[in-house]
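This report refers to the structure that appears directly beneath it.
2 protein chains.
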Amino acid sequence: MILDVDLTSEVPIYQQIHDRVVEAIAAGELADGDALPSTRQLAVDLGINFHTVNKAYDQLRREGLLLITRKSGAVVQRVSTAGFAADWQARLKTLLAEAIAHGLDEREVLGHCETTLRAFEEVRA
Amino acid sequence: MILDVDLTSEVPIYQQIHDRVVEAIAAGELADGDALPSTRQLAVDLGINFHTVNKAYDQLRREGLLLITRKSGAVVQRVSTAGFAADWQARLKTLLAEAIAHGLDEREVLGHCETTLRAFEEVRA
DNA sequence: GCATCTGTTCTATGAGTTGTAGAACAGACC
DNA sequence: GGTCTGTTCTACAACTCATAGAACAGATGC
């Protein structure tokens, strides 16, 4: 699993780790039961502190995407989470509004959504 | 113009103000040339400090959505901004991946995008 | 048993962000 | 002249971010 983070980005490192894992799950590169590297190992690989990796993993666990045990480490396991849909739709509205406000056409924006979703499908197929 | 912010939210107040203005522009409730309330006035209306409003307005100005002068105050005026598209598409990918990772179907996600975009169109019409 | 790796938890520190606050200046308006 | 405006400056408490060190306990392999 390739997981590249930009240490110079304004986006927090733990957030980048979180986002890359989510994208890998969406693309099917990570499926239920797949193991992630240990917090200490990934921290060494990325050249960061293991507490930072721990924070990203913990966030994924709270979101119901990761199961973490002392025995098996971090394993992808998706469980239903309440209240996700409403929060997600609110963020979608804000993001799409940003594109429209900046002058993009509705059809153009929908095309970007379609292309992005198709990319996930294709990697999975 | 109604602008409601949640002071108890974990989302920063200035970010909420920014997002609501962007959504209003996308929905056509705010068009080019429309004036926003002064920083001090909006701060009083929302019961917050005017520096916080100033931060939100300044962010909108840097994004090319607002023109701020001592004379006319804050006025909606959209100008082209470089580098917006790439950043936006990266954020779109992350947001859509989150939905797919949580088990939503691709068609379902695209449907949400379509519905949200249509809502903007309808308010504008 | 022993060493090692793992997740977990605690404290701590420095840098940066967030929101509030007060003050001051200058242009615009009546 | 008085008032409203945006702008800029400093300042503060609270919080976040990332790093750091230490310690504990379960699991694994020899």
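Protein chains in written order, with my numbering: chain A, 28 to 152; chain B, 28 to 152. Even glycine gets a Cβ: it sits at the ideal position worked out from N, Cα and C. For clarity, every value in this text was computed on a predicted model and none was experimentally measured.
Taking a Cβ-Cβ cut-off of 8 angstroms, R88 of chain B has no neighbours in chain A, whose nearest Cβ is about 13 angstroms from it. A Cβ-Cβ contact shorter than 7 angstroms links L93 of chain A with L87 of chain A. Annotation for A83 of chain B: no beta strand (DSSP E) segment contains it, though the alpha helix (DSSP H) segment containing it runs F77 to R89.
Under the DSSP assignment, G100 of chain B falls in the beta strand (DSSP E) whose first and last residues are G100 to V103. N76 of chain A is a Cβ neighbour of A70 of chain A, given a cutoff of 7 angstroms. Taking a Cβ-Cβ threshold of 7 angstroms, the residues of chain A close to Q116 of chain B are H139, in chain order. Under the DSSP definition of a beta bridge, L93 of chain A partners with A:V103. With at least 16 other beta carbons inside 10 angstroms of its own, K120 of chain B counts as buried. Counting only the Cα atoms, T96 of chain B lies some 44 angstroms from E135 of chain B.
For G60 of chain A, same chain residues with a beta-carbon under 8 angstroms away, outside a window of 5 residues either side, are V102, V103 and Q104 in chain order.
Here DSSP, grouped into helix, strand and coil, assigns A62 of chain A to strand. Burial is judged here by how many other beta carbons sit within 10 angstroms of a residue's own beta carbon; E125 of chain A has at least 16 and is buried. At a cut-off of 7 angstroms between beta-carbon atoms, H129 of chain A makes contact with chain B. Annotation: Cβ neighbours of V136 of chain B in chain A (cutoff 7 angstroms, chain order): L144. One Cα belongs to T142 of chain A, the other to I52 of chain A, and the distance between them is close to 18 angstroms. For D46 of chain B, the uninterrupted alpha helix (DSSP H) run begins and ends at I40 to A53, by DSSP. Secondary structure note for T143 of chain A: its alpha helix (DSSP H) is the uninterrupted segment E133 to R151.
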